[in-house]
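Taking full-length UniProt numbering, I'd label the letters of the sequence shown as residues 1 to 212. Even glycine gets a Cβ: it sits at the ideal position worked out from N, Cα and C. In this text the structure is predicted, and so the values were computed from the model without any measurement. Below is one structure; the comments refer to it alone.
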Amino acid sequence: MIGPDELIGQIGRVVEPPGDDVHSWLGDQAGDLPWLLAHTYTGVVWGKREPAGWELSSQFAGQPALTTATLLELRIFGPPGEVFVWRDGDHLVARALFDGDAAGLDVVEEEQMLWGSAGESLSGPFTRVWDGSQGMEMIVPLRPETDDFTLDVKDEDGRWTEQEWRPIRLVVRNYVVANPATGVAQIAAARLVGLTIDSPTRKQEMRHVAEA
1 MIGPDELIGQ
11 IGRVVEPPGD
21 DVHSWLGDQA
31 GDLPWLLAHT
41 YTGVVWGKRE
51 PAGWELSSQF
61 AGQPALTTAT
71 LLELRIFGPP
81 GEVFVWRDGD
91 HLVARALFDG
101 DAAGLDVVEE
111 EQMLWGSAGE
121 SLSGPFTRVW
131 DGSQGMEMIV
141 PLRPETDDFT
151 LDVKDEDGRW
161 TEQEWRPIRL
171 VVRNYVVANP
181 ATGVAQIAAA
191 RLVGLTIDSP
201 TRKQEMRHVA
211 EA
């Protein structure tokens, strides 16, 4: 297991942050990073790289715009790596993590459940999702089906009923290294990998567990 410095030396590098035009900067980034997640002073922006260019949730009425002036942090990501931009005082800085041909990497991937227990399809790759229990909504670049938002569960009488389900998952890769002082394994870095929908197979596995 490698140490923290060796990890960053293998997969990390400093990159040029966006200038005044964040959209132009996005167009210059690697084409194999298809997803975008940004936090701004006014809210969250999701995006998906399509053949014609980036499609952003900000194209829909009432959604936050993506501008350099309002940007707090931004990630464009995919299986090969991630470019991460964040605000440091009055300017932006950026770094990239790409696995490439790095040797000796120990990684642990996890899927983080995002809120959204109902949804409606919009144009392009987008779906508006909302969560009744939280009273929140967002527009994500995924197309879940209607039945993706339900899960069959057993009630106290052993009868199957439908329950609200949050199917959207953000895939995160954690990089594990050895602490240089103690040798104990620890997470030294993490990046986003993808956005996905919890599969029917996974839901079926959960049903089998409930039946056991």
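- For ASP21, no alpha helix (DSSP H) encloses it, and the DSSP letter there is neither H nor E.
- Around the C-beta of ARG13, fewer than 16 other C-beta atoms lie within 10 Å, and the residue is accordingly described as exposed.
- Taking the Cβ atoms as the reference, ALA185 lies roughly 6 Å from ALA178, within the contact range of under 8 Å.
- Going by beta carbons, GLY135 and THR127 fall outside the 8 Å limit.
- Rounded to whole angstroms, the separation of the alpha carbons of GLY31 and GLY19 is 19 Å.
- DSSP places ASP148 within a helical segment (H, G or I) once states are collapsed to three.
- In its chain, beyond the 5 residues on either side, THR150, LEU151, ASP152, VAL153 have a beta carbon closer than 8 Å to the beta carbon of GLN163.
- Secondary structure of LEU105 (DSSP, three-state): coil.
- TRP160 and LEU7 have their C-alpha atoms roughly 48 Å apart.
- In the three-state DSSP reduction, LEU36 falls in the strand class (E or B).
- Taking a 10 Å sphere around the C-beta of LEU72, we find fewer than 16 other C-beta atoms and assign the residue as exposed.
- The C-alpha of ALA38 lies about 14 Å from the C-alpha of GLY194.
- A check of alpha carbon separations from GLN63 across GLY78, GLU50, TRP46 identifies TRP46 as the nearest.
- In the DSSP assignment, GLY47 falls within the beta strand (DSSP E) that extends over 43-50.
- For GLU6, there is no enclosing beta strand (DSSP E); the residue is part of the alpha helix (DSSP H) that begins and ends at 4-11.
- Beta-carbon to beta-carbon, ARG95 and PHE84 are separated by about 6 Å, close enough to satisfy the 8 Å threshold.
- In this structure PRO180 is not in contact with GLY27, their Cβ atoms being roughly 40 Å apart against a cut-off of 8 Å.
- From the listed residues ASP131, LEU105, PHE98, ASP99, the smallest Cα separation to LEU114 is found for ASP131.
- PRO125 sits close to LYS48, with the two beta carbons spaced by under 8 Å.
- Annotation: LEU36 to ARG75 spans about 6 Å, alpha carbon to alpha carbon.
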